[in-house]
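According to this note's numbering, the sequence shown holds residues 3 to 110 in order.
For each residue, glycine too, the CB sits at the ideal point set by N, CA and C.
Working notes, structure below.
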Amino acid sequence: MKLMMIIVQDQDSYTLVDDLLEEGYRITKLSSTGGFLKSGNTTLLMGVDEERIPKAMEMIENHCKTREINTSYLTMNMPGDSYIPYPIQVTVGGATVFVMDVDQYIRI
Ligand code: 2BA
3 MKLMMIIVQD QDSYTLVDDL LEEGYRITKL SSTGGFLKSG NTTLLMGVDE
53 ERIPKAMEMI ENHCKTREIN TSYLTMNMPG DSYIPYPIQV TVGGATVFVM
103 DVDQYIRI
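Laid out in structure tokens, this is it:
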């Protein structure tokens with residue numbers, strides 16, 4: 003068994019979770035916050051048999067879209083210790099996926 007940790011944008015998470023559940027995947031959904039943008043995203047934890055990872059990856063690719071995000075919340079340090087809002091545009095990925103080995107899977 004593997005543990006997939008999947009970080010997705012909130013907008014994509016609803017239909018992705020619905021479709022994964024329909025395919026029989028077990029999911030824990032966590033509200034999370036991106037360290038860079040400091041805005042909400044969704045982290046999914048899924049214990050998955052190894053042979054079912056490709057199907058999960060295919061569904062993630064189909065649901066999760068890359069988006070351009072404009073933000074002005076970052077500040078830039080200016081000479082004289084003053085801070086000003088600094089607008090930036092970042093491309094937020096479709097999804098960030100980690101696949102980890104699981105030593106034991108125990109359900110009580
Ligand atoms: P955030 O940390 O809020 O990052 C949002 C987007 O900002 C990133 O999209 C990337 O395009 C950009 N970004 C992040 N750090 C940057 C930096 N130091 N300089 C310039 N641009 C930067 P994604 O790469 O698609 O990541 C989306 C979210 O996935 C991240 O939200 C974070 O919550 C998570 N994530 C991505 N890579 C991760 C990693 N290696 N470890 C843990 N979480 C990760």
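Whether residue 46 touches residue 30 by CB criterion (9 Å): yes
Do you know how far the Cα of residue 52 is from the Cα of residue 105? 13 Å
Could you pull the DSSP bridge partners for residue 70 from this structure? 93
Give me the pocket residues for the ligand 2BA, defined as CB within less than 6 Å of any heavy atom, sorted by chain position. 9, 36, 37, 38, 39, 43, 92, 93, 94, 95 and 98
Mapping the DSSP letters down to three states, classify residue 50 as helix, strand or coil. Of the three classes helix, strand and coil, the one that applies to residue 50 here is strand, per DSSP.
Tell me which same chain residues have a C-beta within less than 7 Å of the C-beta of residue 97, skipping the five on either side of it? 8, 9, 10, 62 and 66
Can you grab the Cα-Cα spacing for the pair residue 110 / residue 73, in whole Å? 45 Å
Give the DSSP-derived three-state secondary structure of residue 12 in the structure shown. Residue 12 falls in the helix class under three-state DSSP.
Please report the Cβ distance between residue 25 and residue 57, rounded to the nearest whole angstrom; I am assuming they are in contact, meaning their Cβ atoms lie under 8 Å. 7 Å
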